[in-house]
Amino acid sequence: MASTPFLSRPPLSNTSISFSSSTSTSTSLPAHFLRSPSSKNHSRRRILSVRSKIREIFMPALSSTMTEGKIVSWIKSEGDRLSKGESVVVVESDKADMDVETFYDGILAAIVVPEGESAPVGAPIGLLAETEEEIDEARAKAASKSAPSTPKAVTPTPPPPTSTPAPAISQPPPPSAKPASDGPRKIVATPFAKKLAKQHKVNIESVVGTGPFGRVTPADVETAAGITPSKAIGTNAGSNIVSQPTPPKPAPSVAPPPPVPGSTVVPFTTMQAAVSKNMVDSLAVPTFRVGYPVTTDALDALYVKVKPKGVTMTALLAKAAAMALVQHPVVNATCKDGKSFAHNSSINIAVAVAIDGGLITPVLQDADKLDLYLLSEKWKELLKKARGKQLQPNEYNSGTFTLSNLGMFGVDRFDAILPPGQGAIMAVGASKPTVVADADGFFSVKSKMLVNVTADHRIIYGADLAAFLQTFTKIVENPESLTL
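Read in this note's numbering, the sequence shown has 461 at position 457, and its numbers run on one by one without any break.
This is the structure in structure tokens:
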């Protein structure tokens with residue numbers, strides 16, 4: 005199983021920390037420890053200079069995409085003495101299980117995160133003590149870290165009693181009296197206000213306007229009619245009164261549908277959660293797909309010859325794809341920020357592999373530079389490590405082009421989802437006998453497989469992908485170059 009050293013944090017900040025637990029009086033002390041030159045205070049200074057050295061074992065980041073890890077098993081138990089470089093715990097990342105080693109000698113004083121539970125990257129999963137005297141202190145700290153914090157119940161304070169009764173609800177004011185004037189007055193009202201006055205049989209001349217320059221607004225009419233306005237009503241374009249918009253009602257929360265009777269809810273594993281996130285991220289990339297039929301009679305004949313030597317069909321297809329990418333480097337390019345793209349000098353073919361509980365893509369690095377037999381040996385090694393969840397991060401996250409082959413299951417065609425950070429992925433179906441006609445109209449039966457490539461349209465265009473598939477087809481239909 006793969007292993008990696010864990011990084012232990014410095015001693016806890018809320019503990020007296022020092023890189024030595026000696027009681028030497030020559031050790032310089034912080035100023036707040038220096039009280040007076042009396043023997044009593046001097047004795048106290050000696051007591052306070054004894055410092056514990058408890059380190060946190062925290063969840064390491066085993067890959068660039070890992071946000072949390074799951075404790076598969078603790079190799080060591082509480083109370084075991086550890087030596088530097090010794091494996092302590094097995095952690096499941098989003099792609100593999102890895103042994104985690106210690107950087108320090110000490111005693112595994114307490115396990116904060118037990119087996120089967122998860123913790124975010126950087127969170128403490130255990131405590132390492134330097135001496136046996138510090139074990140109890142470390143376990144007390146571990147208990148405080150693992151104990152859930154329960155919020156205190158807040159008792160609502162009743163409102164203070166009032167001696168005066170609540171005021172009665174005021175009745176709407178009576179219609180405003182027409183102000184006295186020496187002569188007739190011209191009433192200015194909005195059209196909607198006039199319409200409301202007719203509906204409610206209100207004499208609009210008796211209404212005092214509150215709008216600009218005494219203009220009668222719909223709210224004035226409703227007030228005069230004894231109606232409490234439910235909302236501010238806007239006036240016409242000539243009015244400077246702007247109605248207040250009604251705040252939108254919050255969307256009702258939709259409860260998830262109840263589970264089907266008899267069903268069992270199974271949470272995602274760490275790997276399944278990572279695959280789910282990658283698939284969702286892929287939706288942000290504008291992709292397109294191009295299919296191409298490839299005659300495989302010559303490739304099938306070559307496979308019969310090299311299979312006894314340990315060569316798999318996956319190795320043949322990966323080698324053919326790598327040789328085609330050499331001639332079409334744009335298909336091997338990547339775009340990660342949407343503003344630029346990178347031409348990759350290495351051709352690293354990632355191959356999708358289904359394993360128990362998820363999906364992983366071991367990478368055949370520099371596939372174009374390896375001969376077919378060495379490539380096959382490398383692939384067998386990667387496949388074994390993948391199924392044992394022992395791949396190192398650079399063995400599954402360094403791909404520049406992905407190959408997904410479902411032909412061995414009899415699938416004749418399918419579309420593959422583009423992995424984040426890559427330019428293209430090739431989906432290979434099964435090779436099946438097909439009736440074809442030549443230029444002279446004669447029919448024959450040939451084995452053909454359909455290849456579909458999904459590509460990032462920001463950097464790869466249709467003509468680029470068609471040219472790549474033509475080159476790939478020529479290599480497959482004339483495979484002698486694969487063994488050179």
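Virtual Cβ for every residue (Gly too), placed ideally from N, Cα, C.
If you're wondering where the values come from, they're calculated on a predicted model, not measured in any experiment.
Point to revise | Residue range of the alpha helix (DSSP H) that includes Ile479 | key: Mapped onto the sequence shown, residue 479 falls at position 475. Ile479 -> alpha helix (DSSP H) spans Gly466 to Glu481.
Check your understanding: Going by beta carbon distance, what residues of the same chain come within less than 7 Å of Asp416, once the five residues before and after it are set aside?
Key -> Sequence index remark: in the sequence shown, residue 416 carries index 412 (1-based). Around Asp416: Gly433, Ala434, Lys436 and Leu454.
Review point. Can you give the Cα-Cα distance for Gly392 and Ser280, rounded to whole angstroms?
Key: Within the sequence shown, residue 392 is the residue found at index 388, counting from 1. Within the sequence shown, residue 280 is the residue found at index 276, counting from 1. For Gly392 and Ser280, the distance between alpha carbons rounds to 21 Å.
Practice item. Report, in whole angstroms, the separation of the C-beta atoms of Tyr108 and Lys88, which I expect to be a contact under 8 Å. Key: Position 104 of the sequence shown holds residue 108. Position 84 of the sequence shown holds residue 88. Yes, Tyr108 and Lys88 are in contact; Cβ-Cβ is about 6 Å, under 8 Å.
Exercise for review: Can you tell me the Cβ-Cβ gap for Thr318 and Val367, rounded? I've got them flagged as a contact below 8 Å.
Suggested key: The residue labelled residue 318 in the question sits at position 314 within the sequence shown. The residue labelled residue 367 in the question sits at position 363 within the sequence shown. Not a contact, Cβ separation roughly 13 Å.
Check your understanding: Which residues in the same chain have their Cβ closer than 7 Å to the Cβ of Pro222, if we skip the five residues on either side of it in sequence?
Key -> Here residue 222 is taken as the residue at index 218 of the sequence shown, counted from 1. Correct list, in chain order: Thr194, Phe196, Ala197, Leu200 and Ile237.
Point to revise | Proximity of Thr489 and Val104 at Cβ, strictly below 8 Å | key: Residue 489 lies beyond the stretch modelled for the chain, which goes from 5 to 488, so this question has no answer here.
Check your understanding: Given 8 Å as the limit, is there contact between the region 461 to 475 and the region 441 to 448, that is, 3 or more CB pairs closer than that?
Key -> no
Review point. Under a Cβ-count criterion, where at least 16 other Cβ atoms within 10 Å of its own Cβ denotes burial, should Val330 be classed as buried or exposed?
Key: Taking the first residue of the sequence shown as 1, we reach residue 330 at position 326. Val330 is exposed by the Cβ-count criterion.
Exercise for review: Apply the 10 Å Cβ neighbour rule to Lys382 and answer buried if 16 or more other Cβ atoms are within range, or exposed otherwise.
Suggested key: For the purposes of this step, residue 382 is identified with residue 378 of the sequence shown, where counting begins at 1. With 16 or more other Cβ atoms within 10 Å, it is buried.
Review point. Are there 16 or more other CB atoms within 10 angstroms of the CB of Gly130, so buried, or fewer, so exposed?
Key: For the purposes of this step, residue 130 is taken as the residue at position 126 of the sequence shown. It counts as buried.
Exercise for review: Could you tell me the boundaries of the alpha helix (DSSP H) in which Leu378 lies?
Suggested key: Position 374 of the sequence shown, counted from the first residue, corresponds to residue 378. Counting along the chain, the alpha helix (DSSP H) containing Leu378 begins and ends at Leu376 to Arg391.
Practice item. Could you check the C-alpha separation between Leu379 and Thr274 for me, to the nearest Å? Key: Here residue 379 corresponds to residue number 375 of the sequence shown, with the count starting at 1. Here residue 274 corresponds to residue number 270 of the sequence shown, with the count starting at 1. Rounded to the nearest angstrom, the two C-alpha atoms are 30 Å apart.
Practice item. Please name the residue, chosen from Glu82, Glu90, Val95 and Trp78, that lies closest to Pro64 on a Cα-to-Cα basis. Key: On the sequence shown, position 60 is the one that residue 64 refers to. Selected option, being the one with the closest Cα: Val95.
Review point. From Leu303 to Phe272, what distance separates their C-alpha atoms?
Key: If you number the sequence shown from 1, residue 303 lands on position 299. If you number the sequence shown from 1, residue 272 lands on position 268. Distance between the alpha carbons of Leu303 and Phe272: 40 Å.
Point to revise | Element boundaries [beta strand (DSSP E), containing Val76] | key: Reading the sequence shown from its first residue, position 72 is the one you call residue 76. Unbroken beta strand (DSSP E) run through Val76: Glu72 to Trp78.
Point to revise | Cβ-based neighbour list, Ser97, same chain, cut-off 6 Å, excluding 5 preceding and 5 following | key: The residue labelled residue 97 in the question sits at position 93 within the sequence shown. Here the set comprises Leu66, Ser67, Met70 and Gly73.
Exercise for review: Work out the CA separation of Glu137 and Asp408 for me, nearest whole Å.
Suggested key: Numbered from its first residue, the sequence shown carries residue 408 at position 404. Numbered from its first residue, the sequence shown carries residue 137 at position 133. Per the sequence presented here, residue 408 reads as Ser, with Asp not at that position. About 57 Å.
Check your understanding: Between which two residues does the alpha helix (DSSP H) containing Val330 stretch?
Key -> As a first step, residue 330 must be located in the sequence shown, where it is residue number 326. Unbroken alpha helix (DSSP H) run through Val330: Met317 to Gln331.
Review point. How long is the line joining the alpha carbons of Gln474 and Gln394, rounded to whole angstroms?
Key: Indexing the sequence shown from 1 puts residue 474 at position 470. Indexing the sequence shown from 1 puts residue 394 at position 390. Cα-Cα distance, rounded: 37 Å.
Check your understanding: Among the residues of its own chain, which have a CB less than 6 Å from the CB of Ile139, if the five just before and after it don't count?
Key -> Counted from its first residue, the sequence shown places residue 139 at position 135. Cβ within range, chain order: Ala113 and Ala133.
Check your understanding: Ends of the beta strand (DSSP E) at Asp101?
Key -> Looking up residue 101 in the sequence shown gives position 97. Element bounds for Asp101: Asp101 to Glu105.
Practice item. Within its chain, find whatever has a CB closer than 8 Å to the CB of Glu121; leave out the 5 residues flanking it on each side and keep chain order. Key: Along the sequence shown, one-based indexing puts residue 121 at 117. Counting only Cβ-Cβ distances below 8 Å, and skipping sequence neighbours, we find Lys74 and Ile75.
**Study point:** Same chain only: Cβ atoms within 6 Å of Ala146, ignoring 5 sequence neighbours per side
**Key:** Indexing the sequence shown from 1 puts residue 146 at position 142. Counting only Cβ-Cβ distances below 6 Å, and skipping sequence neighbours, we find Ala114, Val116 and Leu131.
Check your understanding: Along the chain, where does the alpha helix (DSSP H) that runs through Asp460 open and close?
Key -> Translated into positions along the sequence shown, residue 460 becomes position 456. Unbroken run through Asp460 is the beta strand (DSSP E), Phe447 to Asp460; no alpha helix (DSSP H).
Review point. From which residue to which residue does the beta strand (DSSP E) around Ser286 run?
Key: In the sequence shown, counting from the first residue as 1, residue 286 sits at position 282. From DSSP, Ser286 is part of no beta strand (DSSP E) but of the alpha helix (DSSP H) over Thr274 to Ser286.
Check your understanding: First and last residue of the alpha helix (DSSP H) that includes Phe196?
Key -> For this step, residue 196 is matched to residue 192 along the sequence shown. Note, Phe196: alpha helix (DSSP H), Pro195 to Gln203.
Review point. Taking the DSSP output, what are the residues bridged to Ala362?
Key: Taking the sequence shown and counting its residues from 1, the one referred to as residue 362 is at position 358. For the record, residue 362 in the displayed sequence is Gly; it is not Ala. Its beta-bridge partners are Ile359.
Check your understanding: Does the distance from the C-beta atom of Val334 to that of Ile429 stay below 8 Å?
Key -> Stepping through the sequence shown from its first residue, residue 334 is reached at position 330. Stepping through the sequence shown from its first residue, residue 429 is reached at position 425. It is not a contact, given that the beta carbons lie outside the stated cut-off.
**Study point:** Nearest-angstrom Cα separation, counted from Val289 out to Ala219
**Key:** Mapped onto the sequence shown, residue 219 falls at position 215. Mapped onto the sequence shown, residue 289 falls at position 285. With the sequence shown as reference, residue 219 is identified as Arg, and Ala is not the correct amino acid for it. Between Arg219 and Val289, the C-alpha separation is close to 58 Å.
Check your understanding: Taking C-beta to C-beta, are Ser344 and Gln369 nearer than 8 Å?
Key -> Here residue 344 corresponds to residue number 340 of the sequence shown, with the count starting at 1. Here residue 369 corresponds to residue number 365 of the sequence shown, with the count starting at 1. Going by C-beta atoms, Ser344 is not nearer than 8 Å to Gln369.
Practice item. Answer yes or no: do Thr338 and Gln426 have a C-beta to C-beta separation smaller than 8 Å? Key: If you number the sequence shown from 1, residue 338 lands on position 334. If you number the sequence shown from 1, residue 426 lands on position 422. Cβ distance < 8 Å, so Thr338 and Gln426 count as in contact.
**Study point:** Span separating the alpha-carbon of Met412 from that of Thr316
**Key:** The sequence position of residue 412 within the sequence shown is 408, counting from 1. The sequence position of residue 316 within the sequence shown is 312, counting from 1. Spanning the two alpha carbons is a distance of roughly 11 Å.
Review point. Looking only at its own chain, which residues have a Cβ that is under 7 Å from the Cβ of Gly126, when we skip the five neighbours before and after it?
Key: Looking up residue 126 in the sequence shown gives position 122. Closer than 7 Å at Cβ, skipping near neighbours: Phe62 and Met63.
Practice item. For Ser24, collect the residues of the same chain with a Cβ closer than 7 Å to its Cβ; drop the 5 residues on either side in sequence, then sort them by chain order. Key: By one-based count along the sequence shown, residue 24 stands at place 20. Caution is warranted here: a pLDDT of 34 is assigned to Ser24, below 50, making its placement in the model unreliable, and the coordinate value is therefore given only provisionally. Correct list: empty, nothing qualifies.
Point to revise | Contacting residues, own chain, Cβ-Cβ under 8 Å from Pro263 (five flanking each side not counted) | key: Against the sequence shown, residue 263 aligns to sequence position 259. Val269, listed in sequence order.
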